[in-house]
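See structure below.
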Amino acid sequence: MTQPKMINIKRGRKKNRYVISILCCMLLLIFLSGCSKNTLDSNEEKDHQKTETDLPKASVEEKKDEYNEHYQEIQETKEGIVESMTLEEKAGQVLMLAFRNDSERRPVTHMNKELEKIITTIKPGGVILFSENIEEEEQVKIFIQDLQLSAKIPMFIAVDEEGGRVSRLTGKNMDFPTLPANRYLGQEKEIGFIQGTGQQLGSRMKELGFNMNMAPVADVDSNPQNPVIGDRSFSSDPYKVGEMATAQALGMIETGVIPVLKHFPGHGDTSEDTHFQQVVLPHTKERMHNVELIPFQKGIAEDLPAIMTAHIMVPAYDEHYPATLSKEIIEGLLRQEMGFRGVVITDALDMAAITESWDSSQAAIKALDAGVDMLLMPPEPEKVHKEMIEAVREGRLKEERLDEAVLRILELKASFGLTSCPLQNDK
4 MTQPKMINIK
14 RGRKKNRYVI
24 SILCCMLLLI
34 FLSGCSKNTL
44 DSNEEKDHQK
54 TETDLPKASV
64 EEKKDEYNEH
74 YQEIQETKEG
84 IVESMTLEEK
94 AGQVLMLAFR
104 NDSERRPVTH
114 MNKELEKIIT
124 TIKPGGVILF
134 SENIEEEEQV
144 KIFIQDLQLS
154 AKIPMFIAVD
164 EEGGRVSRLT
174 GKNMDFPTLP
184 ANRYLGQEKE
194 IGFIQGTGQQ
204 LGSRMKELGF
214 NMNMAPVADV
224 DSNPQNPVIG
234 DRSFSSDPYK
244 VGEMATAQAL
254 GMIETGVIPV
264 LKHFPGHGDT
274 SEDTHFQQVV
284 LPHTKERMHN
294 VELIPFQKGI
304 AEDLPAIMTA
314 HIMVPAYDEH
324 YPATLSKEII
334 EGLLRQEMGF
344 RGVVITDALD
354 MAAITESWDS
364 SQAAIKALDA
374 GVDMLLMPPE
384 PEKVHKEMIE
394 AVREGRLKEE
404 RLDEAVLRIL
414 ELKASFGLTS
424 CPLQNDK
């Protein structure tokens, strides 16, 4: 395999990202106010000699200081952006939907009346595509274009493209780079090579119309019996996982594709799969800080924009709720202790670890209340949309919390250029 060219990431740009985000948000405010109802809107090796029991606290404090420099400006922008939206639009913006099959169980591969009705009613903030939605390149491009033309605010168009066994874009008639599983990439010593794989993925995804990738995996391969992670992880060394996952993510960012680091706080040392049952990670906080959290802390220190939660129970932090629904884990650990300021996205809410104990609306509202910003694939999305609106009106969900989530989503969209008003589709 030819080694991809090393991509130079200018670290100094991180200090400017929030300023850029603010300016983009101002443009977004104009966009939200100016688009008429008739217009359809079309981111060095880790020193292994450092004490492994310590997270890089200094970098966390630096991150907080960097953010706080511009916090007041962001707050001033917030009111204008969010207040220009209706409650219905805000409730839709925190939803990322999947349309794998239609009501007659046929794969959804193009825009149809059923799909258009759901999008124009709910106005979701994003859509995720799966293998069922993908036939060949031109079809994917047209499908994504039509999805964006049906939305007033440009959507995240996401896909799971990790490489290895989790790859939605390498089958059928697709000409897409085929990457080996992360375990094999992890044997590569050159970080520039890993960063190049992110650029390879991102550039081709961008050509097709995708702007978000539900990757890379930041879980540590510490349990040979793990049925869901395994070779999806870069390594059993948490520092190596952190460096490689972050490098690949930065490669994607270079191409304009948003990476989503997953599955927080770490799914690597489990013996069960949250797709099928509730999963418990019984480790102490000390163990979590020494292993599972290290890759995510690296990503946070490098200003990665989005993190996906895992539906795992971690009693050391919360004895009652899985990470996706836990305020102690999302707000307490991820945001306050680790300093993450970006968008938090749930893992798919149709997985058994959630649906066996909570109905779709309960889970959605609980996740938002816990500090999550975007809800991935909730069952019964129309019901969830209505229930979120009612929860705000009845005081069961604070509107300020919903506003905060929407602002983060819009800031992320603006920072990646998703603010333009595409021309109305005349078909």
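Position in the sequence shown (first residue = 1) + 3 = my numbering. In this text, a Cβ means the ideal position worked out from N, Cα and C, and glycines have one as well.
ask   = Could you check where the beta strand (DSSP E) with K265 kicks off and where it finishes?
value = L264 to F267
query = Looking only at C-alpha atoms, which of P384, V409 and A313 sits nearest to L118?
reply = P384
task = Would you give the residue range spanned by the beta strand (DSSP E) that V244 belongs to?
result = Unbroken run through V244 is the alpha helix (DSSP H), P241 to E257; no beta strand (DSSP E).
request  = Could you tell me which of A161, L150, K116 and E139 sits nearest to M380, measuring between CA atoms?
outcome  = A161
message = I'd like the list of long-range same chain contacts for D149, defined as Cβ closer than 6 Å, with 5 residues on each side in sequence excluded.
response = M114
task = Can you grab the Cα-Cα spacing for the pair L328 / A101, in whole Å?
result = 21 Å
request  = Report the option in A248, A356, M255 and E107 whose CA atom is closest to the CA atom of Q439.
outcome  = The structure shown does not extend to residue 439, since the chain is modelled only from 4 through 430, so no value can be given for it.
query = From S170 to E397, what does the alpha carbon distance come to, in whole angstroms?
reply = 42 Å
task = Find out if the Cβ-Cβ distance for the pair P325, Q281 is shorter than 9 Å.
result = yes
ask   = Can you tell me the Cα-Cα spacing of I297 and R108, whole angstroms?
value = 42 Å
request  = State the start and end residues of the unbroken alpha helix (DSSP H) segment that holds F419.
outcome  = No alpha helix (DSSP H) holds F419; DSSP gives it neither H nor E.
ask   = Is DSSP giving T312 helix, strand or coil here?
value = strand
query = Taking the C-alpha atoms as reference points, what is the distance between I194 and I232?
reply = 22 Å
query = G374 and K330 look like a contact to me (Cβ under 8 Å); what is the Cβ gap, rounded to whole Å?
reply = 6 Å
Status (buried if at least 16 other CB within 10 Å, exposed otherwise) for N176 = exposed
request  = Express the C-alpha separation of F196 and K301 in angstroms, rounding to a whole number.
outcome  = 18 Å
inquiry  = Our contact map puts T277 next to I333 with C-beta atoms below 8 Å; I'd like the distance itself, whole angstroms only.
reply    = With 8 Å as the limit, T277 and I333 do not qualify as a contact, their Cβ atoms being about 16 Å apart.
ask   = Roughly how many angstroms separate the alpha carbons of G335 and I121, rounded to a whole number?
value = 35 Å
query = Identify the residues that DSSP records as bridge partners of I122: which are they?
reply = None, per the DSSP bridge assignment.
inquiry  = With three or more C-beta pairs closer than 8 Å as the rule, is the stretch 180 to 191 touching the stretch 143 to 157?
reply    = no
ask   = For F299, does the three-state DSSP call read helix, strand or coil?
value = helix
key: Close Cβ partners of R338 (< 7 Å) along its chain, the five nearest in sequence each way excluded   = G374
query = Roughly how many angstroms lie between the CA atoms of I156 and P285, to the nearest whole one?
reply = 42 Å
ask   = Tell me, which residues are paired with G129 by DSSP?
value = M99 and F159
M341 to A356 span [Cα, whole Å] = 25 Å
message = Suppose you measure from the CA of G269 to the CA of A250; what does that come to, to the nearest Å?
response = 18 Å
query = With 16 other CB atoms within 10 Å as the buried threshold, where does E403 fall?
reply = exposed
Contact set for S134: own chain, Cβ-Cβ below 6 Å, skip 5 residues either direction = R171
query = Roughly how many angstroms separate the alpha carbons of H266 and G201, rounded to a whole number?
reply = 18 Å
inquiry  = In whole angstroms, give me the CA-to-CA distance for I131 and F159.
reply    = 8 Å
request  = Please go through the same chain and pick out, in chain order, the residues whose beta-carbon is closer than 8 Å to the beta-carbon of D105, but skip the five residues on each side of it.
outcome  = V111, N115, E117 and L118
task = Could you round the C-beta distance between F419 and I303 to whole angstroms and report it? I think they count as a contact, below 8 Å.
result = Between I303 and F419 the Cβ distance is about 18 Å, and since that is not below 8 Å, they are no contact.
query = Should R168 be labelled buried (16 or more other beta-carbon atoms within 10 Å of its own) or exposed?
reply = exposed
query = Using the C-alpha atoms, what's the distance from G189 back to K401?
reply = 43 Å
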